[in-house]
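Colleague: In our numbering, the protein residues as written are 7 to 712.
Ideal Cβ placement from N, Cα and C applies to all residues, glycine included.
My structure is below; once you've seen it, I'll send some questions.
Set out below in structure tokens:
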């Protein structure tokens, strides 16, 4: 234990809570994320500084919620060249390039390669996902980690920045694992320790405190074992409670298992090479292709066995254990602690210090929601259901539809529905009422009174809507032939409400729900970001989003002029990317559309990750439908050649000049393509690709070229 700091220097849960709040005090979003990343990876997962520096998304198994430190991850950064030289200095006689290729990057300890579970914590998951949405690695070296830890401690109340080092923070991670009940073997494997002694010391230290707690529980604290002084309220809200902190650049409640599984699906099959830039010293040669990539995680558990780290079922039990312990030890006064995590405020202007400084927070949640009688996260459930809206003080129950739903009403429909808050989620007949900010489901249908005998209702806040699914009736377990699904975040979980609607009305409701959730949302627009293959110099402009059934439009703040208009039928490609706003890189959506014969790419970002995700789902809905339809078309090879020629030469050029092909045959092929909606005309000198035609070419170009 000589290389480890004294355990009384490690942070108890209260001090760690203060440290995390210090991490959120940084002005820039990226610095805030960097601090949170270093603090949680070291202080809760027990990673070494060098591991934090070299960690990238290739180490992450999102589906299993595990971070895998590899035995070898090819890297030629300055730190790795220095490590290779250090190996030579200690007796390795091989050429420096050979040492680098065979040893770098690798953990410093033999037990370093390991699996560390993180999926039990929404906040750790959120930090990892959001960090890698911004950057692909932590730029710098171990000194950078030390600086992040020191400046975070300096911003935290009650922590000495000179006394908190990355090693002390890593030891805090070991103490955390021991305090929640893991044995020395599990602690040693999770930290990647070669020796058992340090892990045993963590467990002994935690055991002393556990014994002392038992003595205190029986009013015998005076005769219990002596322990180092510590805060008796050992709670773990940072990693076990997804309630938002002010200035957090994400909403931890959005990063539960469903979010991890979705990210795993999107990342499936992608092999990620270490993204740190290569640095080759003068006089040396280095070929990255000769540097073999580390094995990638596979669905059955990856390159390391479950025994190489904390067992997954043990870590899955961690959160439940911690929550029970938290509830039993939390002092009553803490419930009214003004320093407790609070919901972020309303998005500020881009030019206002409260705007970029706040970063991309969770969707705004009114701080007076309980007083107003509605949970801003997910809405309230009616008293007739016997279910509290959550959050400590139950909101006042509305007595009428008018009290429950913000006027004016958008729609009021008698139908059948399934919602978790009524009849235990079984299908019922009733009424669905859509207001400006809420969706109310009532059974049985009522003239407006919600207090009558047998009346049950579920009130969903549109702030909590994460998706609207018009084709949910295709799911095998949906009891209706035509239905709309509404996915809502409630109490940290995602719940689905299904409403039976005929096809025409279903799309009206789909649009209305998206409009109420997204209309007049604040966004940042870079347009055009790319014209064809040329990148422009346009900067991001703050604006407002206006949404129609087939189009979205963006205007500057305080103006009716149009910055960007996107017709959904013209969208060629949609992907997640990053956008530069005020010198910072932020998550954004790249939307490519076909405008006057050219492919134009625009970037759309938001300070609210919730808003950006909803906008992506709205734009992708039509795009994915059209892509599926395009892929289903039967297009002969000779017609594919015509499409590729049009794609290559553009409009205004006589197509017959590109082919040694009979004119009537070419016209016949153009007529066939026009019937499929892929070209604009049947004459070789007066035709071009439609948006769907460009979509087909973009999707099938490789096959067409073959």
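To the nearest angstrom, how far is the alpha carbon of residue 25 from that of residue 189?
Modeller: For the purposes of this step, residue 25 is taken as the residue at position 19 of the chain shown. For the purposes of this step, residue 189 is taken as the residue at position 183 of the chain shown. Rounded to whole angstroms, residue 25 to residue 189 spans 26 Å at the Cα level.
Colleague: Who are the near neighbours of residue 446 in its chain, counting only those whose CB is closer than 7 Å to its CB and skipping five residues on each side?
Modeller: Counting from 1 along the chain shown, the entry for residue 446 is found at position 440. Counting only Cβ-Cβ distances below 7 Å, and skipping sequence neighbours, we find 407, 410, 411, 439, 463 and 465.
Colleague: So what does DSSP say about residue 136, is it helix, strand or coil?
Modeller: For the purposes of this step, residue 136 is taken as residue 130 along the chain shown, with counting starting at 1. Residue 136: helix per DSSP, three-state reduction.
Colleague: My guess is that residue 705 and residue 633 are in contact by the Cβ rule of under 8 Å, so how many angstroms apart are they, rounded?
Modeller: Here the question's residue 705 lines up with position 699 in the chain shown. Here the question's residue 633 lines up with position 627 in the chain shown. Between residue 633 and residue 705 the Cβ distance is about 7 Å, and since that is below 8 Å, they are a contact.
Colleague: In this structure, what does DSSP give as the bridge partners for residue 242?
Modeller: As a working note, residue 242 is residue 236 in the chain shown. Looking at the DSSP assignment, residue 242 forms no beta bridge with any residue, so it has no partner.
Colleague: If you compare alpha carbons, which of 567, 701, 467 and 425 is closest to residue 448?
Modeller: Position 442 of the chain shown, counted from the start, is the residue given in the question as residue 448. It is 425 whose Cα lies nearest to the Cα of residue 448.
Colleague: Can you give me the start and stop residues for the beta strand (DSSP E) that residue 440 sits inside?
Modeller: If you number the chain shown from 1, residue 440 lands on position 434. Taken as a continuous stretch (DSSP letters only), the beta strand (DSSP E) holding residue 440 covers 434-440.
Colleague: I want to know whether the region 489-500 touches the region 466-474 - three or more CB-CB distances under 8 Å.
Modeller: A contact exists between the region 489-500 and the region 466-474.
Colleague: Thinking residue 87 and residue 75 are a contact (beta carbons under 8 Å), I'd like their distance in whole angstroms, please.
Modeller: Numbered from its first residue, the chain shown carries residue 87 at position 81. Numbered from its first residue, the chain shown carries residue 75 at position 69. Contact flag wrong, Cβ pair sits at about 21 Å.
Colleague: Can you give, in chain order, each stretch of the beta strand (DSSP E) that sits fully within the region 479-521 and has at least 3 residues?
Modeller: If we require 3 residues or more, the beta strand (DSSP E) runs fully inside the region 479-521 come out as 489-496 and 499-506.
Colleague: Report all residues from its chain with a CB closer than 6 Å to the CB of residue 362; omit the five preceding and five following residues, and keep chain order.
Modeller: Within the chain shown, the letter at position 356 stands for residue 362. Caution is warranted here: a pLDDT of 26 is assigned to residue 362, below 50, making its placement in the model unreliable, and no coordinate value can be reported.
Colleague: Mind checking which residues open and close the beta strand (DSSP E) that includes residue 560?
Modeller: Sequence index remark: in the chain shown, residue 560 carries index 554 (1-based). Its beta strand (DSSP E) spans residues 557-562.
Colleague: I'd like to know whether the C-beta atoms of residue 106 and residue 94 end up nearer to each other than 8 Å.
Modeller: The sequence position of residue 106 within the chain shown is 100, counting from 1. The sequence position of residue 94 within the chain shown is 88, counting from 1. No, the pair does not count as a contact, with Cβ atoms beyond the cut-off.
Colleague: From which residue to which residue does the beta strand (DSSP E) around residue 612 run?
Modeller: As a working note, residue 612 is residue 606 in the chain shown. Premise fails: residue 612 is in no beta strand (DSSP E) and is neither H nor E.
Colleague: Kindly indicate which residue of 138, 133 and 172 has the alpha-carbon position closest to the one of residue 147.
Modeller: Position 141 of the chain shown, counted from the first residue, corresponds to residue 147. Out of 138, 133 and 172, 172 has the C-alpha closest to the C-alpha of residue 147.
Colleague: Leaving out the 5 sequence neighbours to the left and right, which residues in its chain are closer than 6 Å to residue 305 when beta-carbon positions are compared?
Modeller: Numbered from 1 along the chain shown, position 299 holds the residue referred to as residue 305. With a pLDDT of only 37 at residue 305, under the threshold of 50, the placement of this residue in the model should not be trusted; the figure read from the coordinates follows. No residues qualify anywhere along the chain.
Colleague: Cutting at 6 Å between CB atoms, please list the residues of its own chain near residue 557, excluding the five before and the five after it.
Modeller: Walking along the chain shown from the start, residue 557 turns up at place 551. Excluding sequence neighbours, residue 557 sits near 573.
Colleague: Can you find a CB in chain C that lies within less than 8 Å of the CB of residue 139?
Modeller: Here chain C cannot be found, since the structure has a single protein chain.
Colleague: Could you give the C-beta distance for residue 282 and residue 60, rounded to a whole number, given that I count them as a contact under 8 Å?
Modeller: One-based indexing of the chain shown puts residue 282 at position 276. One-based indexing of the chain shown puts residue 60 at position 54. Yes, residue 282 and residue 60 are in contact; Cβ-Cβ is about 7 Å, under 8 Å.
Colleague: Classify residue 271: buried if its beta carbon has 16 or more other beta carbons within 10 angstroms, exposed otherwise.
Modeller: As a position in the chain shown, residue 271 is number 265, starting the count at 1. Burial call: exposed.
Colleague: Tell me the DSSP secondary structure of residue 616 in three-state form.
Modeller: Position 610 of the chain shown holds residue 616. Note: residue 616 maps to helix in three-state DSSP.
Colleague: Nearest by alpha-carbon distance to residue 618: which of 608, 637, 600 and 595 is it?
Modeller: Taking the chain shown and counting its residues from 1, one reaches residue 618 at position 612. With distances taken between Cα atoms, residue 618 lies closest to 595.
Colleague: Compute the distance between the beta-carbons of residue 703 and residue 679, then report whether it is under 8 Å.
Modeller: Mapped onto the chain shown, residue 703 falls at position 697. Mapped onto the chain shown, residue 679 falls at position 673. Not closer than 8 Å, so no.
Colleague: From residue 122 to residue 539, what distance separates their C-alpha atoms?
Modeller: For the purposes of this step, residue 122 is identified with residue 116 of the chain shown, where counting begins at 1. For the purposes of this step, residue 539 is identified with residue 533 of the chain shown, where counting begins at 1. If you take the alpha carbons of residue 122 and residue 539, they lie about 42 Å apart.
Colleague: How big is the Cα-Cα spacing for residue 178 and residue 170?
Modeller: On the chain shown, position 172 is the one that residue 178 refers to. On the chain shown, position 164 is the one that residue 170 refers to. So the two alpha carbons sit approximately 10 Å from each other.
Colleague: Measure the alpha-carbon distance for residue 78 versus residue 40 and round it to whole angstroms.
Modeller: Within the chain shown, residue 78 is the residue found at index 72, counting from 1. Within the chain shown, residue 40 is the residue found at index 34, counting from 1. Roughly 24 Å between the two C-alpha positions.
Colleague: Give every residue of the same chain whose Cβ lies closer than 6 Å to the Cβ of residue 10, excluding the five residues on either side of it in the sequence, and list them in chain order.
Modeller: Walking along the chain shown from the start, residue 10 turns up at place 4. Around residue 10: 177 and 204.
Colleague: Specify, as a first and last residue, the run of the alpha helix (DSSP H) that residue 22 falls within.
Modeller: Numbered from its first residue, the chain shown carries residue 22 at position 16. Taken as a continuous stretch (DSSP letters only), the alpha helix (DSSP H) holding residue 22 covers 19-29.
Colleague: Taking contact to mean at least 3 C-beta pairs separated by less than 8 Å, is the region 506-515 in contact with the region 523-533?
Modeller: They do not touch, by the three-pair rule.
Colleague: Taking just the CA atoms, how far does residue 262 sit from residue 2?
Modeller: This structure cannot speak to residue 2, because the chain is shown only from 7 to 712.
Colleague: Output the residue ranges of the beta strand (DSSP E) runs that lie fully inside the region 669-697 and measure 3 residues or longer, sorted by chain position.
Modeller: The region 669-697 contains no whole beta strand (DSSP E) run of 3 or more residues.
Colleague: Is residue 655 near residue 664, with beta carbons less than 8 Å apart?
Modeller: In the chain shown, the residue the question calls residue 655 occupies position 649. In the chain shown, the residue the question calls residue 664 occupies position 658. Contact: yes.
Colleague: In terms of DSSP beta bridges, what is residue 716 paired with?
Modeller: No information on residue 716 is available, as it lies outside the stretch 7 to 712 that the chain covers here.
Colleague: Using three-state DSSP, classify residue 705 as helix, strand or coil.
Modeller: Your numbering for residue 705 matches position 699 in the chain shown. In the structure shown, residue 705 sits in a helix (DSSP, three-state: H, G or I).
Colleague: Taking just the CA atoms, how far does residue 97 sit from residue 84?
Modeller: Within the chain shown, the letter at position 78 stands for residue 84. Within the chain shown, the letter at position 91 stands for residue 97. So the alpha carbons of these two residues sit roughly 21 Å apart.
Colleague: Using CA coordinates, which residue listed in 140, 183 and 124 is at the minimum distance from residue 34?
Modeller: Numbered from 1 along the chain shown, position 28 holds the residue referred to as residue 34. It is 140 whose Cα lies nearest to the Cα of residue 34.
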